[in-house]
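Shown next, in structure tokens, is the structure this report addresses.
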Amino acid sequence: MWTYDFVFDRCANGQQIKLLTVVDEYTRESLAIHIATSIKSRAVIEVLSRLVAERGAPQCLRSDNGSEFVAARVKEWLKQKGVETLYIEPGSPWQNAFGESFNGRLRDECLNVEWFKNLQEAIVIVETWRRHYNKERPHSSLDYRTPCEFYAVYKQRAMTLNYARILHQKAHKGNNYNDLACIRGRVFSCVDFGPRVCYKHTRRG
């Protein structure tokens, strides 16, 4: 599940900026922080489209009832991608705990600390903070891994399970397959127990 929200700030030159934050609730990754003076529904779709191309579509997307999030154009795009929308109740920010927590950190550690000269400087500084948040900061909720480290482990497990499902399907179709399936250096032995095929991690040699 992903969550997205807006944060606002102002540069030293008086220019107001708007930040669209997108967070993966499972890995705690900051997937994107898009910054501009104005962000309409079209820009929201552009950001989500890029993320879906990179990561695949989430099952669900959580947000408040902001006009950009409830726009017909955004809803239709999400529907086409098979993404369920989950809108929190008005005046209930606690229903979006992950997003609110992330935005609070962004505010306390970056926006309230830095004094951006202009929009371009804000984009550079916030992106530097985002990368540090993803790659350098361990989270206790992630077994003291960084969000990027946790995502790498999750992705590896997902690939392993997907490969196991393929072998399982082949076994039931009567196709031939190797007793040993190698997945990135790991070896899994296939043991047939009637209607089930189990995949057990074994050692090489």
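For the sequence shown, this note's numbering assigns the number 14 to the initial residue and increments by one for each residue that follows. Beta carbons are placed, not taken as given, at the ideal position from N, Cα and C, and that holds for glycine.
Could you check how far apart the C-beta atoms of residue 131 and residue 24 are, in whole angstroms? I think they sit under 8 Å. On the sequence shown, position 118 is the one that residue 131 refers to. On the sequence shown, position 11 is the one that residue 24 refers to. Distance from residue 131 to residue 24 at the Cβ level is roughly 5 Å; contact confirmed, criterion being Cβ atoms closer than 8 Å.
Output yes or no for whether 8 Å exceeds the beta carbon distance between residue 95 and residue 70. The count along the sequence shown starts at 1 and reaches residue 95 at position 82. The count along the sequence shown starts at 1 and reaches residue 70 at position 57. Yes; because the gap between Cβ atoms is below 8 Å, this pair is in contact.
By the 10 Å Cβ neighbour count, where 16 or more other Cβ atoms means buried, how is residue 35 classified, buried or exposed? For the purposes of this step, residue 35 is taken as residue 22 along the sequence shown, with counting starting at 1. Residue 35 should be labelled buried.
Enclosing beta strand (DSSP E) for residue 35 [first to last residue]: If you number the sequence shown from 1, residue 35 lands on position 22. Taken as a continuous stretch (DSSP letters only), the beta strand (DSSP E) holding residue 35 covers 29-37.
For residue 70, three-class secondary structure by DSSP: As a position in the sequence shown, residue 70 is number 57, starting the count at 1. Three-state result, residue 70: coil.
Report the rounded CA-to-CA distance for residue 59 versus residue 158, giving the unit in angstroms. Taking the sequence shown and counting its residues from 1, the one referred to as residue 59 is at position 46. Taking the sequence shown and counting its residues from 1, the one referred to as residue 158 is at position 145. Rounded to the nearest angstrom, the two C-alpha atoms are 30 Å apart.
Quick one: what does DSSP say residue 156 is sitting in, helix, strand or coil? The residue given as residue 156 occupies position 143 in the sequence shown. Residue 156: coil per DSSP, three-state reduction.
Nearest by alpha-carbon distance to residue 82: which of 127, 54, 106 and 63 is it? Position 69 of the sequence shown, counted from the start, is the residue given in the question as residue 82. Of the listed residues, the one whose Cα sits closest to residue 82 is 54.
Could you spell out where the beta strand (DSSP E) holding residue 20 opens and where it closes? Within the sequence shown, numbered from 1, the residue matching residue 20 stands at position 7. Per DSSP, residue 20 belongs to the beta strand (DSSP E) from 15-23.
Residue interval of the beta strand (DSSP E) (run including residue 98): Along the sequence shown, read from residue 1 onward, the residue named residue 98 stands at position 85. Start and end: 97-100.
For residue 84, which three-state DSSP category applies? Residue 84 sits at position 71 when you count from the first residue of the sequence shown. If DSSP states are grouped into helix, strand and coil, residue 84 belongs with coil.
Give the secondary structure of residue 76 by DSSP, where H, G and I count as helix, E and B as strand, and everything else as coil. Counting from 1 along the sequence shown, the entry for residue 76 is found at position 63. Of the three classes helix, strand and coil, the one that applies to residue 76 here is strand, per DSSP.
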